[in-house]
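Residue numbers (my numbering), protein chains in the order written: chain X, 233 to 511; chain A, 235 to 508; chain E, 6 to 417; chain W, 580 to 806.
Each residue gets a CB set at the ideal place from its N, CA and C atoms; glycine is no exception.
Okay, structure first, notes after.
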Amino acid sequence: MAGNNSFLVKMGQLDRRLVFVVIGIAVFLPLKFPIGLAVVTTPTTQDVFNAVDSIPEGSTVLVSFEYGPSTRPEIEPMAITLLRQLFNEKQKVVAMALWPDGQFMSTRVLERIADKEYGLKWGVDYVNLGYRPGQEAVIKGIAKDLRANYNSDVRNNPVEDLPIMDGIYTVKDFDFIFSLSAGYPGTVEWVLYAADPYGIPMSTGVTAIQVNEVIPYVKGGQIKGILAGMSGAAEYENLVKAGDATRFMDAQSVAHFLIVLFIILGNISYLVQRRKQTA
Amino acid sequence: MSRDVWTVVALGMIAVLTALTVMFLSWGIGNHSVGFGFWVGSVLTLGIFSYLYKDNPFYKFAEHVFVGVSAAYWIAIAYWTQIDRNLWGRLLPEQFPQGGHEFNGFYIIPLILGIFMLCRLIPSIGWISRWSLAFIVGLYAGLRMYGFLQSNIMEQARDTLRPIIVPGSLVDSINNFLLVVGVLSALLYFFFSKEHKGVFGVVSRVGIFFLMISFGASFGFAVMGRISLLIGRFDYLIQAGTPSAGRASVVVAVIMILVLLIQAFKDKGSAEEA
Amino acid sequence: MKRKRFGPSRLSAAFLLLVPYLAFAQDAGPDGGEAPAAYDPPPAAVTHLTARDAPDDAGKHIILEFERSADDAAGAADVVSYEVFRIDPAGIETSLGVLPVSNKDTLRLITFDDQMPGLVNGTEYSYKVVTRDASGSSDSKLDGTVRTSGQWFALGRFNMLFSVLMISFFILYFIKKAQRGEEIYLRPVAGLKAFDEAVGRATEMGKPVLYVPGIMDLDQVETVAGVIILGYVSKMTARYETELEVPVSRSLVMSNAREVCRSSYLSEGRPELYKDDMVHYLTDDQFAYAAGVDGIMLRKKPAACFYQGKFYAESLILAETGNSIGAIQIAGTASPSQLPFFITACDYTLIGEEFFAASAYLSKDPKLIGSLKGQDWAKGVVMIIIGVGAVVETLHVLGVLPFSLQPLLVAG
Amino acid sequence: MLWKTQIPVAIVFAVGMLTLIQWFVPHWPFDQIQVHTTQWFDIIAVFAVILGGLNLLKLQLQKVISRGRDWPYALVTIVGFLAMMVYGFSPVGVPEGIRLGDHLQANGSHFRWMFFNVFTPLSATMFALLAFFVASASYRAFRVRNAEATLLLVAGIILMLGRVPLGAKMTAFLPHFMQLPTVQEWIYAVPNLAGARAIMIGIGLGMVSTSLRFILGIEKSFLGGDE
């Protein structure tokens with residue numbers, strides 16, 4: 233028995249590099265050889281889908297890109313799926329970014345979806361206004377006067393010449409705001425300085441880490457639903473069209489499972505040790 | 235080599251190395267944009283990952299590239315999106331028409347405050363940057379005071395005003411009750427002008443429980459987020475390992491592992507000798 | 006009442022689609038009321054058209070409301086769109102755009118915000134809504150005029166003003182009180198004992214103490230609190246003659262932290278032990294800074310690591326490295342997303358407001374103690390509102406009380 | 580004192596008060612305040628970014644010149660910095676027909692290439708490293724030491740499993756209200772929300788009070804040391 237026990241104790245004191253290797257393999261294998269586990273939709277994801285679905289056809293939606301390369305795997309699938317849902321319902325999309333790298337992200341996604349997949353017209357069906365520095369001050373700024381902040385789009389067309397921007401002078405003129413956010417400035421700032429003060433409906437997709445910071449606003453009704461991390465993205469894809477997030481979910485599942493397994497091993501070892509000490 | 239001589243040599247070296255780097259990159263980008271990208275990306279990605287083994291030259295190289303490139307990246311983005319359009323565009327609208335602005339002389343003020351900011355580089359007049367900082371602090375304070383009051387306090391309190399008895403729904407009743415109790419008890423934990431004893435202590439302990447569940451949940455989400463990013467990177471490496479990408483990631487990984495192994499054996503050898 | 010809001014944006018959107026159609030409509034002449042073809046009578050005009058000045062604005066916003074035409078989704082059910090015109094005092098009509106009719110719409114009442122340029126504060130305007138179907142139109146004009154007016158105070162935000170003043174009063178009152186030297190009780194924060202233990206252990210082991218005041222500049226509240234706590238820690242290292250290492254990532258933080266450490270060493274009577282180098286600047290960059298601090302940890306193997314300030318993703322890199330060298334780690338931050346990592350990886354963590362409280366408690370600075378006390382009062386008010394409000398809400402739902410407290414907390 | 584302390588404090592007061600007042604006064608000229616002050620803020624912020632970059636360059640140059648520890652790596656940083664500056668500010672790598680400055684995002688520009696093939700892999704991988712650290716930290720530190728730690732652990736585990744398909748599969752045989760996705764949803768919608776909300780209210784009060792102290796000049800710590 234003693235030998236058995238010491239084995240259990242050792243299971244709680246593995247070298248961290250061993251943990252690294254196991255996690256690495258757990259992510260790599262399912263990516264190479266997918267299992268295809270089914271995705272279950274959570275209510276908050278359904279809320280996002282419904283909120284976007286209920287925007288009257290032909291509305292103008294502001295989609296803000298607040299993420300960068302480091303959080304792309306989580307948010308980009310959401311961005312792609314969101315654009316598909318919006319374009320399916322003939323909404324017009326005005327993209328902007330509070331993060332400088334957000335503009336790279338939006339350019340990439342719009343090129344792929346709006347231009348190649350849907351063949352839509354720049355300046356009529358969608359436009360990318362790009363990034364302006366100043367964090368929440370940008371939101372405050374466009375709440376007062378959008379054209380003072382954005383006089384032209386990223387292709388240097390003056391905003392006055394863009395049909396899609398006709399009649400849009402402040403953030404209040406948008407029918408819906410969608411924030412794709414990986415941190416500050418992001419969803420919380422959109423709630424604070426635009427959605428709340430002016431009563432504009434908004435919804436959001438955030439990284440898993442952001443969820444806890446944002447969830448009170450969702451429950452407070454200030455945000456309609458939330459896409460939480462990659463699993464949120466996969467659930468959303470499930471409602472619109474399958475994409476990358478769905479493909480990645482197997483690896484996510486296996487990795488989570490292994491981490492929990494490690495935690496359990498650590499605790500068995502801890503309890504055995506504690507009993508030894510008290511005995 | 236004296237310090238002055240070395241300074242000249244070092245500056246020359248920087249100039250030559252920069253020129254060579256730019257030439258090399260431009261050649262690669264110009265001729266093999268995608269494939270070359272996979273090679274560069276693989277070296278840097280695997281370089282950072284090698285930190286998991288231990289701090290090593292590959293990691294150090296990647297990390298130092300990161301610091302330099304990201305600083306220049308931010309400067310370029312900030313300059314072209316803001317200074318070029320919004321500052322020059324308003325002070326010299328004729329020369330900088332891309333901003334689409336009319337002349338506005340007041341914009342000399344942010345220019346001056348901005349230059350004051352740069353004075354921090356020269357210690358003797360660095361104090362003047364306080365003026366610029368004061369502007370930023372003042373603006374932030376005014377915006378935040380209202381913003382946080384509304385969204386963090388008023389809105390949160392408003393949504394906590396839930397009916398504890400919901401006719402016809404036991405589940406909602408319990409949930410609302412737990413929410414109200416949870417918020418109140420956790421707020422009590424953050425009450426500092428009274429010692430946590432007696433009833434006060436019990437309730438604030440309940441508050442801690444709610445806080446801990448909240449942190450546990452955050453942690454769960456955090457795990458999810460980080461794993462997602464890892465998946466993203468691995469997916470990239472898998473793509474870079476396909477024959478169409480020249481198996482860049484595979485080749486780079488093999489070379490790195492070999493070098494690190496040789497290094498490890500050498501270290502072991504020298505440690506034994508000592 | 007549920008209403009559907011239309012902004013000019015949707016108008017403009019639809020405008021494009023309807024350009025050819027509009028051209029035709031204009032050809033029909035200003036009096037579009039006559040049906041071009043007998044088999045299709047013009048649609049019924051909209052009814053109950055009202056206009057009012059929007060409250061709490063600069064006088065550049067008029068709100069129009071009208072009920073849909075009887076032929077919209079009912080009657081002949083052939084209404085295509087509504088076009089809204091503004092008529093200024095000179096009688097000039099300006100089209101504000103076209104509202105498309107969508108089958109998804111079910112609400113009868115339409116609200117339209119006129120915020121288009123050209124509205125002047127203090128001017129009388131009239132409005133006209135033209136209802137169109139495929140072949141004809143009919144209009145409905147506003148009875149009389151509406152006057153734009155700008156306000157000097159946003160009435161809807163009275164509750165916000167009241168809260169700002171109340172919280173300010175609490176805080177200023179207690180700061181004054183504390184500054185007069187009156188005793189203000191603050192409960193000890195549990196984690197503070199750990200500070201002493203950690204420095205004590207480093208002293209016993211003859212190893213340095215590492216102090217990280219976050220990665221942000223002094224305009225962040227957490228950084229300020231972190232530097233204040235550094236004052237306390239540096240007093241202990243001065244007393245015990247323990248080596249102190251403070252890498253920082255902002256030049257302003259460096260000058261401030263040096264000031265704080267110098268005065269700590271002076272007040273402990275050990276100015277000779279203080280060196281400017283103990284506080285040193287690494288780099289502004291987040292990850293490069295984290296890597297630099299990691300390097301210091303691996304080389305100097307501090308026995309105690311303090312992370313007190315504003316942190317982002319580097320929190321776990323620091324805490325995991327600190328753990329791997331076996332240091333006692335004490336963290337403090339108000340960044341909710343980083344708290345779980347610190348709580349998991351560190352030996353002790355000051356959570357959110359506790360972190361601010363610790364800085365007040367340790368510095369004995371009357372302005373901090375006073376603010377904390379003031380915040381406690383404000384918190385008390387919030388708790389009372391939540392408690393009473395929940396009871397009122399319950400009674401409201403049960404039909405005992407006719408009102409709820411929720412509207413009081415909505416800012417206009 | 581006047582130049583180094585009093586004027587900055589006066590600036591904070593004036594700017595802070597005006598920004599605060601404009602929330603309550605919709606009338607002209609207060610409705611204009613934000614439009615321009617926020618623009619100014621943006622411009623000053625850019626200078627702060629430039630300052631950060633120059634600071635970095637200065638520090639790394641010093642390292643090379645004094646041949647400090649690891650100075651060849653400092654050289655790597657400088658060369659990386661300068662190379663990226665070349666792509667950002669010179670006509671090198673700017674596609675034909677595109678104005679300098681618009682080239683950053685333009686198809687075929689070298690700056691854009693650098694973003695996707697140098698900057699992106701580096702920053703994304705830095706964050707991905709954290710996946711490993713999160714795993715090892717939770718393995719080591721999630722122990723059932725006491726009631727609080729146990730709650731943290733249980734909530735964490737349920738969240739981790741409940742949010743992925745595997746977790747749903749594992750508990751599919753249980754009644755709906757006991758399945759992991761349901762429990763996970765409940766945890767973050769009820770007890771977690773309560774905790775998070777209390778933290779938010781506390782932090783909100785802290786922010787309001789600090790902002791007040793800044794505006795009224797009671798808190799001057801942002802000025803740094805009295806040198």
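query, result
"Return the chain-ordered ranges of every alpha helix (DSSP H) run that is complete within the segment 138-225 of chain E and spans a minimum of 4 residues.", "163-184, 197-210"
"Among I657/W, M779/W, Y718/W, P608/W, which has the Cα closest to the Cα of A249/A?", "I657/W"
"Could you check the C-alpha separation between G80/E and I287/X for me, to the nearest Å?", "26 Å"
"Check whether chain D comes within 9 Å of D393/X, counting only Cβ atoms and requiring the distance to be less than that.", "Of the protein chains in this structure, namely X, A, E and W, none is chain D."
"Which residues of chain X have a Cβ atom closer than 8 Å to the Cβ of A768/W, listed in chain order?", "I447, K451"
"Which residues in chain W sit within 8 Å of R364/X, going by Cβ to Cβ distance?", "D621"
"Check whether chain E comes within 9 Å of R719/W, counting only Cβ atoms and requiring the distance to be less than that.", "yes"
"If you follow the alpha helix (DSSP H) that Q380/E is in, where does it begin and where does it stop?", "371-402"
"L326/A by DSSP, collapsed to three states: which one?", "coil"
"In angstroms with no decimal places, state the Cα-to-Cα distance between L418/A and I391/E.", "8 Å"
"Around the Cβ of F283/A, are there at least 16 other Cβ atoms within 10 angstroms (buried) or fewer (exposed)?", "buried"
"Does any CB atom of chain E fall closer than 9 Å to the CB of N444/X?", "yes"
"Examine the ligand NAD and report whether any of its heavy atoms sits within less than 8 Å of the Cβ of I398/A.", "With respect to the ligand NAD, the structure offers nothing, as it holds no ligand at all."
"How far does the beta strand (DSSP E) with F90/E in it extend, from its first residue to its last?", "84-92"
"What residue does the alpha helix (DSSP H) around D279/X start on, and which one ends it?", "275-285"
"Any beta carbon from chain A within less than 9 Å of G676/W's own beta carbon?", "no"
"What is the DSSP secondary structure of I345/X, counted as helix, strand or coil?", "helix"
"Is there a C-beta anywhere in chain E that falls below 9 Å from the one on I780/W?", "yes"
"Can S485/X and L745/W be called in contact, C-beta distance under 9 Å?", "yes"
"Under the DSSP definition of a beta bridge, which residues are partnered with L57/E?", "Sequence inspection shows Arg at residue 57/E; the Leu mentioned does not correspond to that position. Answer by DSSP bridge pairing, in chain order: I68/E."
"Quick one: give me the first and last residue of the beta strand (DSSP E) that I333/E is part of.", "333-338"
"Where does the unbroken beta strand (DSSP E) through C310/E begin, and where does it stop?", "309-313"
"Can you tell me where the beta strand (DSSP E) holding E250/E begins and where it ends?", "249-253"
"Mind pulling the beta strand (DSSP E) runs of 3 or more residues that sit fully within the segment 297-356 of chain X?", "324-329"
"Taking the Cβ atom as the reference point for each residue, do F603/W and A339/E lie within a distance shorter than 9 Å?", "no"
"Should the segment 387-405 of chain E be called in touch with the segment 221-230 of chain E, which here means at least 3 C-beta pairs below 8 Å?", "no"
"Three or more beta-carbon pairs under 8 Å between the segment 274-293 of chain E and the segment 315-324 of chain E, yes or no?", "yes"
"Could you tell me which chain E residues have their CB closer than 8 Å to the CB of M388/A, listed as they occur along the chain?", "N164, M165, S168, L414, V415, A416"
"For G672/W, does the count of other Cβ atoms within 10 angstroms reach 16, so buried, or fall short, so exposed?", "buried"
"Report the option in G498/X, L459/X, A427/X whose CA atom is closest to the CA atom of L412/X.", "L459/X"
"Can you tell me whether K65/E is buried or exposed, with buried defined as 16 or more other CB within 10 angstroms of its CB?", "buried"
"Taking V85/E as the reference, give the member of V415/E, R91/E, V103/E, C266/E with the closest Cα.", "V103/E"
"Answer with yes or no whether the minimum CB distance from I399/A to chain E is below 9 Å.", "yes"
"Taking all protein chains shown into account, decide if A427/X is buried (16 or more other Cβ within 10 angstroms of its Cβ) or exposed.", "buried"
"Hey, quick one: how far does the alpha helix (DSSP H) through M259/E stretch, first residue to last?", "256-272"
"Do you know how far the Cα of D58/E is from the Cα of G459/A?", "48 Å"
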